[in-house]
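Structure, as structure tokens:
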Amino acid sequence: MRKTKFGGYIWLLPLVIFLFLIELWPFLKMLYQSVHHLSYTQPALNGEFVGLDNYRKAMNSESMMSSVGLTLKYMLIALPLEVLLGIFFAVLLSYHLKLKKYVLPILLIPMILAPIVVGLSAKLNLNPDFGIIGIFLKDLGISPAGLLTSASTAFLTIIIVDIWQWTPFLIMIFLASILAMPKEPFEAAMIDGADRFQIFRYLTLPFLTPIIIIGILLRLTDAYKLFDQVYIMTGGGPGSSTELLTIFAYKLNFKFWNLGYGSAAVAILFLISFVISFFFVKLTYKETN
Amino acid sequence: MIKNSKIKSSIKYFEIFFIIIITLVSFIPFLWLILTSFKFRTDILSPVLKLFFSPTLSNYIKAFVEGEFSTYFLNSVTIATGNVILCLFIGLPAAYAFSRFKVFGEKHIFFYVLSTRMAPAIALVLPLYMFFKQIGILGTSAAVIIAHATFNLALVIYLMKNFFNDIPKEIDEAALVDGASEFDIFLKIVLPNAKSGVIVVAIITFLFSWNEFLFTLLIGGSNTMTLTAAFPGLVTPLGTYWGQLAAVSVVVSMPVIISVWYLQKHLVRGLTFGAVK
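These protein sequence lines are chains A and B, in that order.
Its first residue numbered 4, the first sequence is counted upward by one per residue in this note's numbering.
Its first residue numbered 26, the second sequence is counted upward by one per residue in this note's numbering.
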């Protein structure tokens with residue numbers, strides 16, 4: 004680390020200006036907004052100071068709490084399945100490395116597509132009248148009205164779409180780290196006659212654990228943000244069966260134009276993401292150092 | 026012994042078969058979307074799965090020639106390119122500082138990257154929406170470009186810092202002894218050495234901006250409509266224009282697929298913030 008007459012800070016000037024002007028200032032204004040009344044549909048009271056009323060309203064709101072519950076439920080079902088499938092497939096591919104070159108680029112496609120395209124593609128395919136998967140399911144007698152149009156199946160369907168989209172990401176990072184593992188312990192185990200399962204259980208898995216934790220955390224951050232796919236697939240419906248926290252906050256602000264209350268809800272969303280990021284940093288620093 | 030090896034090789038073939046099937050199944054939805062983009066409306070809505078149909082470019086023509094989508098395409102390119110330039114302009118010097126000098130905040134970059142990556146689009150959009158509305162730039166390309174920097178900038182800084190760290194500090198120290206200025210070192214020594222890194226980061230930044238939906242929808246306006254933001258416009262109360270939606274999807278996806286295949290070896294590092302190399 005060298006010293007300079009500017010102390011290096013001049014290089015940070017554009018960043019500092021950007022952070023203050025574009026990130027911090029609007030955020031503070033939003034916090035200010037969150038303790039005031041602002042609604043385009045009920046403008047009579049606009050500008051009135053309401054203290055923490057908006058926050059209280061958010062914490063006591065049944066639809067907000069149900070959207071928090073749905074977001075948690077979605078994470079708790081999707082993430083473990085993705086991680087298990089990711090480990091399984093990464094290990095399987097590591098036995099057949101010749102296939103990697105052909106298989107991985109195709110598997111990665113859903114992950115790199117624009118999220119809105121992923122949602123649209125799922126919606127098209129699941130259509131019971133003309134989607135290839137929808138017709139197939141209908142012929143099997145499953146969900147003749149379509150998986151996305153019924154409250155009982157829509158939520159499960161967005162989870163399956165998420166698994167389709169994101170498992171390849173985990174396969175990719177798990178496989179990369181399996182290939183980077185030291186060769187010697189594996190060769191020694193082979194010579195000693197260990198079978199595949201033993202090698203997986205006592206060598207691959209322990210070596211993989213730090214990457215699994217990182218994979219879970221990265222998926223957690225993405226899962227928390229999920230919006231575009233659900234927006235185009237169901238828009239939060241039918242009813243509010245797929246109304247995740249992000250969809251709820253979107254509707255509050257940009258559909259009902261209740262910006263004061265909406266600001267409070269978004270501030271809570273921010274708080275949650277700060278808390279998760281904080282634990283992420285703590286955990287990954289421990290893992291990598 | 027012979028029997029054992031027979032079982033082993035049949036397991037092997039079964040596994041290969043299984044991997045190929047799963048790969049193909051995961052490709053079906055996107056393949057169906059591509060096929061849909063080349064179908065006439067009657068074929069799209071056909072309840073009978075036809076493997077062969079008479080292909081047509083009519084959906085592409087309707088969207089891009091008769092419709093507004095060629096303008097949206099240009100808007101997408103403008104916004105993504107503008108975003109890359111803005112993020113590099115702010116991010117490169119910052120990454121250089123974090124890599125070379127002892128400056129305040131270095132330890133917190135990771136937290137900054139994560140918290141901006143973690144924050145849902147709606148949470149970043151609402152403050153900006155109100156701010157841009159107040160200063161009167163809501164609906165302009167500049168507003169969308171700035172808005173996209175809220176999630177891309179942190180990524181640029183973090184990835185570029187890693188690329189700069191790979192360049193030995195002895196090189197710039199030697200140049201310093203030879204009388205080069207700090208700016209010379211950055212522009213003539215460090216940046217050219219990190220060229221491939223800058224290209225990788227620029228492409229990743231471009232793609233994130235290109236694929237983005239909600240910021241563009243809310244911060245942008247009718248003059249800045251991009252390909253992705255125009256999607257809901259094709260889902261009308263009168264019906265969904267599946268053919269055009271599919272055609273636009275294919276056009277949105279092509280640059281992404283091509284550049285990701287090109288970037289493959291950098292992808293793991295880029296998407297895990299260097300946690301997996």
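Where is the CB? At the ideal position from N, CA and C, for every residue including glycine.
At the C-beta level, A117(A) and N100(B) stay beyond 8 Å of one another. Between S234(B) and N177(B), the C-beta spacing is below 8 Å. Around L88(A), the same chain offers T170 as residues with beta carbons nearer than 6 Å, after the five sequence neighbours per side are excluded. Going by beta carbons, P108(A) and W57(B) fall outside the 8 Å limit. The residues Y121, in chain order, have a CB closer than 6 Å to that of F211(B) in the same chain once the five nearest residues on each side in sequence are set aside.
Neighbours of F65(B) across chain A, judged by C-beta separation under 7 Å, do not exist; the nearest C-beta is about 13 Å away. Between the beta-carbon of V277(B) and that of L252(B) there is about 5 Å, and that keeps the pair under the 8 Å contact cut. Taking every protein chain shown into account, the CB of I219(A) has 16 or more other CB atoms within 10 angstroms, so this residue is buried. E40(B) belongs to the set of residues whose beta carbon lies under 8 Å from a beta carbon in chain A. For the stretch 131-147 of chain B, the set of residues with a beta-carbon nearer than 7 Å to any beta-carbon of chain A comprises F135, F136, L139, S140, R142, M143, A144, P145, A146 and I147, in chain order. For F257(A), the enclosing alpha helix (DSSP H) begins and ends at L248 to F257. Distance from the CA atom of A88(B) to the CA atom of L255(A), rounded to whole angstroms, is 32 Å. Membership of T165(B) in any alpha helix (DSSP H) is not indicated, and neither H nor E is assigned to it by DSSP.
Residues of chain B whose Cβ lies closer than 7 Å to the Cβ of T249(A) are, in chain order, P145 and I147. With contacts defined by Cβ atoms closer than 8 Å, N130(A) and G144(A) do not form a contacting pair. Interface flag for P108(A) against chain B is set, since a Cβ pair is found closer than 8 Å.
Residue burial annotation: E207(B) is buried, with at least 16 other C-beta atoms found within 10 angstroms of its C-beta.
Between Y97(B) and A255(B), the C-beta gap is smaller than 8 Å, which places the two residues in contact. F30(A) has a beta carbon lying within less than 8 Å of a beta carbon in chain B. Within the DSSP bridge table, the entry for V260(B) names T265(B) as partners. Around the beta carbon of G265(A), 16 or more other beta carbons sit within 10 angstroms, so the residue counts as buried. For H40(A), no Cβ of chain B is located within less than 8 Å of the residue's own Cβ.
For the stretch 56-142 of chain B, the full-length alpha helix (DSSP H) segments reaching 4 residues or more read 66-69 and 94-125 along the chain. Separation of the CB atoms of G268(B) and S62(B) is rounded to 7 Å, and the pair is thereby assigned contact status at 8 Å. For G144(A), the secondary structure class from DSSP, reduced to helix, strand or coil, is coil. With the rule of 3 Cβ pairs closer than 8 Å, the stretch 235-251 of chain A counts as touching the stretch 120-138 of chain A. Around the CB of E26(A), 16 or more other CB atoms lie within 10 Å, so the residue is classed as buried. T249(B) and I196(B) have their C-alpha atoms roughly 44 Å apart. Put simply, the backbone Cα of I90(A) is about 38 Å away from that of L243(B).
In this structure, the alpha-carbon of E91(B) lies about 14 Å from that of Y266(B). For A93(A), the closest Cβ of chain B is not nearer than 8 Å. Residue pairing from DSSP leaves G239(A) without any beta-bridge partner. Counting only Cβ-Cβ distances below 8 Å, A119(B) has contacts in chain A at W14, L15, P17 and L18, in chain order.
Distance from the CA atom of A93(A) to the CA atom of L178(A), rounded to whole angstroms, is 5 Å. Setting aside the 5 residues that flank it on each side, A268(A) is surrounded in the same chain by A61, A252 and L255, each with a C-beta closer than 6 Å to its C-beta; the list follows chain order. Around the beta carbon of N49(A), fewer than 16 other beta carbons lie within 10 angstroms, which makes this residue exposed.
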